[in-house]
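Below: one structure, written as structure tokens.
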Amino acid sequence: MRKFRKVLVRRVKSVLAKIPGHQYIPKVRYAMAKLLAGKDHKGANMSISYLQDVFTNCNSAFGSLATVLRSGTSTATSVNTEAVVESLESSGAANLATWLEAQKLLGTGQAEQALKIMSLLGTNNPKILTEMGLVYNSLGMRHEARSELAKAHSLDSEQHYAMDTLSLLFAQNTPPLAKELESLATQLMNSNENTIEAWIAFGHCARVQGKLKTALYFAHKACNLTIFGDKPKSEAMMLKALVLLDLEKFDEAMRHLSAAIKRDVKNIDLYELQIVTYLQRAKIREARAAVAICMQNLPNSPRARVLKAQVLLASASGKEEAQSILEEVVFAHPYLLEAVWLLISQYDSTHNYQKGTEVLKKLTENSMVPFHSMGRLHHQLGEFLSKTGMPAAAYHHTNIALTKQCDEAAVQVGAITFFHELLNRSMVF
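So in this note's numbering the end of the sequence shown lands on 1011, straight run, no missing numbers.
Here it is as structure tokens:
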């Protein structure tokens, strides 16, 4: 079936290529763009070029323009989004300009600013919620990504786009959100069993339930349901790699993951799985090689820098550099909790409680830090204050930790235990 699709796609490309240039109407250009988008890096660039032509010849093709803006090409950065929509008389012109500006910001790597702009468009549009969820996920803010994508699904249960990401987020939670995952997978499959997202969701569902052979079948099915008969979706390949790792087929999983990265060199989630897996198996040399490629392809990604820090922390000689990297990331991107916990752990292991206390205090007062992490932050701050001989302040922050809403039950239990220990030292107060 997959070979047949590839042959069919080649024939379609051949037919479209034979159409004379003066007859290349926007629909033909758009078709070529879709066919080339999933091929390779060169194909992706050609796809963007075709989409630029589509908008040039049809100035109402805002979907094509949004894709061009998000690509971050030199042409995209010069587009005046307000001028593009100023001729429109509809009431949605301002919202459209805002949306296009957000796409432009994403193309230039300003995801945080893009999120702020998107939030101005309201919270009842499933498409906007979906895009916000995907941006949150790219920033490593999984809790927020899951929340936005789940909201989008509740508003439009027929939507399949990005629901494979939501299924992964349900599966990644500790513990996995099995009921929500099963419900999502069932709804997607009942809606349209021919979509990749439905099979990916069922694959994650089977994996969470421990049905690994079934999960592998679903993953294989998802990988074969390619886009325009070309490369598999990265989300499908990630699912297959995860299942292979669960089956202890390490070499096969890593080969599969490497192939996925070659096809999607900007996907930080693929690098993260690859590098973390190497570190878990103490394959430090392989992890170093992988993170070097990651940094080469994503030099401005804070998540890539966190991965580099994780690799450095695996050897005694790299701990100082790792701490420096983490401090820079946490200062610039305090919402990136993975970096926060790694940095705090480093302060704890080196008994640098004073520095840790300073950082934690700033984080608890920073509005960019996710609210759901406050319980854990105050709990950790209480522990550090206790270790520096400040039991009254430790008591205060541990008490705050107990009153904050905290997703992780283990943190709540830890805070309660520590709280009781402080009470047992009541003579100090």
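C-beta: ideal position from N, C-alpha, C; glycine also.
Three-way DSSP call (helix, strand, coil) for residue i in this model
i    : result
P916 : coil
E940 : helix
M972 : coil
S949 : coil
C805 : helix
H742 : coil
L793 : Correcting the residue identity first, residue 793 is Lys in this sequence and not Leu. If DSSP states are grouped into helix, strand and coil, K793 belongs with coil.
K815 : coil
T690 : coil
V825 : helix
H933 : coil
G957 : helix
R728 : helix
T980 : helix
K609 : helix
K986 : coil
G964 : helix
E854 : helix
Residue i: first and last residue of the uninterrupted alpha helix (DSSP H) it sits in
i     : result
V790  : I778 to V790
S646  : F644 to S653
G715  : P708 to S720
N772  : A760 to S773
N755  : Counting along the chain, N755 falls outside any alpha helix (DSSP H), and DSSP gives it neither H nor E.
L1012 : Residue 1012 is absent from the structure shown; the chain starts at 583 and stops at 1011.
E664  : T663 to V667
Same chain only: Cβ atoms within 7 angstroms of residue i, ignoring 5 sequence neighbours per side
i    : result
V911 : P884, R887, V888, L918 and A921
A744 : T712, G715, L716 and L731
N882 : G691
Residues of its chain near residue i, where Cβ-Cβ distance is below 8 angstroms and the 5 sequence neighbours each way are ignored
i    : result
I926 : G938, V941, L942 and Q962
K609 : none
L861 : A869, Q892, V893 and A896
G704 : I710
Best match in the options for proximity to residue i [C-alpha to C-alpha]
i    : options                   : result
T747 : D851, A797 and E965       : D851
G792 : V825, P814, V893 and C805 : V825
K831 : L807, T859 and E817       : T859
N639 : L651, Y612 and E664       : Y612
A874 : Q862, K901, E854 and A864 : E854
H725 : P758, L737, C876 and K865 : P758
L678 : L687, G691, A693 and E664 : E664
T655 : N981, G645, Q634 and Y977 : Q634
L880 : G691, S646 and I630       : G691
H915 : F752, E902 and Q695       : Q695
N776 : M877, H742, H786 and K761 : H742
D930 : V951, Q878, S955 and K901 : K901
K686 : N981, K890, F913 and N662 : N662
Chain-order list of residues whose beta-carbon lies under 6 angstroms from that of residue i (same chain, five-residue window excluded)
i    : result
E990 : With a pLDDT of only 48 at E990, under the threshold of 50, the placement of this residue in the model should not be trusted, and no figure is reported.
L827 : A835
S840 : none
Q754 : none
R845 : K813
Q769 : S739
_Runs of 4 residues minimum, wholly inside the stretch 859-911: which ones carry the alpha helix (DSSP H) assignment?_
866-879 and 884-895
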